[in-house]
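Asks: The structure follows.
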Ligand code: BGC
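Shown next, in the form of structure tokens:
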């Protein structure tokens, strides 16, 4: 294209409607250029899959590249964009993708932790900030939200999602889409909903493993968050690595076209996950010609890192196996995304050098991250020890106590650890000269990391001699008034490709914890983790336990805010914490079975659904989390005992802060369909409200119950509410609820 024609197109982009603009542009494109738009390759500045040789600049100049990922730095992005825009025939700008999962330079808590805040507004604001920082660095497309429901904590990627509940998952997915995308201003990025679909149901929690489930379960338990994010207007979707009904998601026409496009009316574009078209070959459905053909026909628009569309589509077209319109449809969707982002108006829209100085790691962003982190910590046990007083001697012990790089957690591709405080530094600041912090690392993460199947965890922690380190820790504990243990996982022990078969505190840490407890000193365990961990011994023996997940760049200060009582803990679990590994998968919204253990029964019951060696109950249920105060729930009231499909009901409950601290509570509403055409879960979250109550204050919380909250997918996958009796439950977690019944007439 001549420079003049390009200029005409560029200038007119602002004025021409999207369809018309893209039509016009496509009418000037060659087949090669169209296929080029479907090609997404890595810059390898960050590694998130197999490193591949990709001559980005050359391909961009030739118009054979639609998008890049893992290119780091605004100057690099600008240069690539310049090549694409100034050197290629048509000057089509690139999408610049990256895994901006929970913040950028200001790192927010890992997504699983964020979900434990149940603070939808704060989560949306976190995404807005993440997009602002990412776009300041040239990124215009973020690979988030990850809305995969997961009920198996062996799967490391539970860290990246919102836990086990579809209702909460929907609200969080929508909030993240809104936060990232806003109205596609220059501080907004396009969201990418992943991993479509069912990736979180990998068998045995082993990453990339087989998924197989009934349609009824899919629709009722797993699909809703993807749908909600689609309806919230997410610009793109990423297909998953796994099979759905035996067909790799990337090549699954039912999933990507019938469900996503036809049923849900989704109009964004679909990208594969890293190398998925090639992995479909390994899944065993044919060679690359077959998988490229099937992926395109299934509804995949862009190929991430398989180079398969690039290599195969022209030949497939010539052979008559795909049509020109198959290619055009995909190309159009990619171009529409670029149009929505305003890249045709200004390809350098996200490359403003001044923003690097003003938009990153600002005081406002750090404050938001710190406040959010404090809301994510879940207090699991407290025998009157917390909050700590800033006095005397506090022994701070553990491999995560003075480490700078691990606090941020997995998928922190924009972090700058040298800017962040360690927990030790934050604690020293917090106590000033009122108390003394006695620090010892105490042990390694594992006695011998090499025993961990050869895994390397990245973000290493200095290795110490376990024997010597333990003696030092015990010496300090003896001298101290209280012991604070910072123990758990390293950041990279959860996230992608980080499945575990043992979910307890790793060996040497457990040994050290036991010896510290044996000193008789009160012990606080701060558990750093990207997943639910099994802490049955700890629950019996440690004075206080707070799960702090990975809290992001401001972890240190946020922990101090809560530990010393400036804020009361308010996080509530969004994944059930098992008591024993053998209970997994364990989740609150299960079916009743024909032989449930009756409520209140103790001990093993022959011929009932239970274990001979362990109770069914988890250690801590979904929705659980303590506070420094206590909340008392009044008797809930319904304004009627029956409703019609057109009408509704309201449930009101009074919640009183009966303790001595101002604090937040998450009031949760659950519903059970007592008799339906298919067996329905014993309870399902249908509403929640996070409220703030001053000490002594009380408030009525009201939930409106409508027919949509009673609907489910029946055996014919019709979304129905069936008349009959329902139980409605309200409480501060999924176990301790008060129940009422009503009828849908
Ligand atoms: C992950 C995705 C990620 C992609 C790009 C893949 O390995 O599964 O979640 O967005 O890489 O980095």
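In our numbering, the protein residues as written are 466 to 1210. Where is the CB? At the ideal position from N, CA and C, for every residue including glycine.
Between residue 1173 and residue 1148, what straight-line distance do the alpha-carbon atoms span, to the nearest angstrom?
Replies: Those two C-alpha atoms are separated by around 16 Å.
Asks: DSSP beta-bridge partners for residue 656?
Replies: Residue 656 pairs with 607.
Asks: If you draw a straight line from the C-alpha of residue 1101 to the C-alpha of residue 1117, how long is it?
Replies: Straight-line Cα distance between these residues: approximately 6 Å.
Asks: Look at residue 765 and residue 721 and say whether their C-beta atoms are less than 8 Å apart.
Replies: It is a contact, given that the beta carbons lie within the stated cut-off.
Asks: CB residue 637 to CB residue 1014, shorter than 8 Å?
Replies: Contact flag unset, no.
Asks: Near residue 602, which residues of its chain fall below 6 Å by C-beta distance, leaving aside the five closest residues on each side in sequence?
Replies: Around residue 602: 539.
Asks: Enumerate in chain order the residues of its own chain whose CB-to-CB distance from residue 524 is below 8 Å, with the five nearest sequence positions on each side excluded.
Replies: These residues qualify, in order along the chain: 501, 504, 506, 530.
Asks: Go to residue 952, then tell me how far its beta strand (DSSP E) extends in each direction, as first and last residue.
Replies: First-last of the beta strand (DSSP E) with residue 952: 947-953.
Asks: Check each candidate in 863, 1017, 632, 930 and name the one with the smallest Cα separation from residue 1135.
Replies: Comparing Cα-Cα distances from residue 1135 to each of 863, 1017, 632, 930, the minimum goes to 632.
Asks: If you run the structure through DSSP and keep just helix, strand and coil, what is residue 740?
Replies: In the structure shown, residue 740 sits in coil (DSSP, three-state: anything other than H, G, I, E or B).
Asks: Going by C-alpha to C-alpha distance, which of 589, 548, 1126 sits closest to residue 852?
Replies: When only C-alpha atoms are compared, the closest one is 1126.
Asks: On the premise that residue 1030 lies in contact with residue 886, defined as a C-beta separation below 8 Å, what is that separation, rounded to the nearest angstrom?
Replies: Contact doesn't hold; Cβ gap of about 19 Å is too wide.
Asks: At what residues does the alpha helix (DSSP H) containing residue 491 begin and finish?
Replies: Its alpha helix (DSSP H) spans residues 483-492.
Asks: Using 8 Å as the cut-off, can you tell me whether the stretch 771-785 makes contact with the stretch 756-763, which would need three or more C-beta pairs spanning the two stretches below that distance?
Replies: Because the criterion of three Cβ pairs below 8 Å is met, the stretch 771-785 and the stretch 756-763 touch.
Asks: In the DSSP assignment, what are the bridge partners of residue 1184?
Replies: Answer is 1178.
Asks: Which residue spans inside the stretch 514-544 form an unbroken beta strand (DSSP E) run of at least 3?
Replies: Entirely contained in the stretch 514-544, the beta strand (DSSP E) runs reaching 3 residues are, in chain order, 532-534.
Asks: Taking residue 1153 as the reference, give the member of 604, 1038, 1132 with the closest Cα.
Replies: Of the candidates 604, 1038, 1132, the one whose C-alpha sits nearest the C-alpha of residue 1153 is 1132.
Asks: Indicate, with yes or no, if the ligand BGC has a heavy atom lying under 7 Å from the CB of residue 613.
Replies: Answer for residue 613: no, Cβ out of range of the ligand BGC.
Asks: Taking the alpha carbon of residue 690 as the point to measure from, which residue in 719, 609, 795, 1108 has its own alpha carbon closest?
Replies: Comparing Cα-Cα distances from residue 690 to each of 719, 609, 795, 1108, the minimum goes to 609.
Asks: Classify residue 1241 as helix, strand or coil using the three-state DSSP reduction.
Replies: Only positions 466 to 1210 of the chain appear in the structure, and residue 1241 is not among them; the question remains open.
Asks: In the DSSP assignment, find the beta strand (DSSP E) that holds residue 1135 and state where it starts and stops.
Replies: Segment 1128-1138, the beta strand (DSSP E) holding residue 1135.
Asks: Would residue 692 be called buried (16 or more neighbouring beta carbons within 10 Å of its own) or exposed?
Replies: By the 10 Å Cβ count, residue 692 comes out buried.
Asks: DSSP on residue 703, reduced to helix/strand/coil?
Replies: In this structure, residue 703 counts as strand in the three-state DSSP scheme.
Asks: Evaluate residue 921 with the Cβ neighbour count: other Cβ atoms within 10 Å of its Cβ, from every protein chain shown; 16 or more gives buried, anything less gives exposed.
Replies: The residue is exposed, with fewer than 16 neighbouring Cβ atoms inside 10 Å.
Asks: Can you name the residues that DSSP bridges to residue 563?
Replies: Beta-bridge pairing links residue 563 to 607.
Asks: Using only alpha-carbon positions, find the residue among 597, 1171, 577, 1169 that is nearest to residue 824.
Replies: Nearest of 597, 1171, 577, 1169 to residue 824, Cα basis: 597.
Asks: Is residue 991 closer than 8 Å to residue 1007 when the C-beta atoms are compared?
Replies: No; because the gap between Cβ atoms is not below 8 Å, this pair is not in contact.
Asks: Is the beta carbon of residue 1210 closer than 8 Å to that of residue 623?
Replies: Against a cut-off of 8 Å, the Cβ pair of residue 1210 and residue 623 comes out as no contact.
Asks: Can we count residue 513 as close to the ligand SAM, meaning its CB is less than 7 Å from some heavy atom?
Replies: With respect to the ligand SAM, the structure offers nothing, as its ligand set consists of the ligand BGC.
Asks: Do residue 608 and the ligand BGC come close, with the Cβ less than 7 Å from some heavy atom?
Replies: Because some heavy atom of the ligand BGC lies under 7 Å away, the Cβ of residue 608 counts as near it: yes.
Asks: What are the boundary residues of the alpha helix (DSSP H) that residue 892 is part of?
Replies: That run of the alpha helix (DSSP H) goes 888-896.
Asks: Could you check which residue in 778, 680, 496, 627 has the C-alpha nearest to that of residue 580?
Replies: The shortest C-alpha separation from residue 580 is found at 627.
Asks: Alpha carbon to alpha carbon, how far is residue 874 from residue 1083? Give it in angstroms, no decimals.
Replies: Straight-line Cα distance between these residues: approximately 25 Å.
Asks: Could you compute how far the alpha carbon of residue 849 sits from the alpha carbon of residue 834?
Replies: C-alpha separation (whole angstroms): 28 Å.
Asks: Give me the residue from 912, 699, 807, 841 with the minimum Cα distance to residue 584.
Replies: Out of 912, 699, 807, 841, 841 has the C-alpha closest to the C-alpha of residue 584.
Asks: Would residue 665 and residue 615 qualify as a contact pair, given that the criterion is a beta-carbon distance under 8 Å?
Replies: Yes, the pair counts as a contact, with Cβ atoms nearer than the cut-off.
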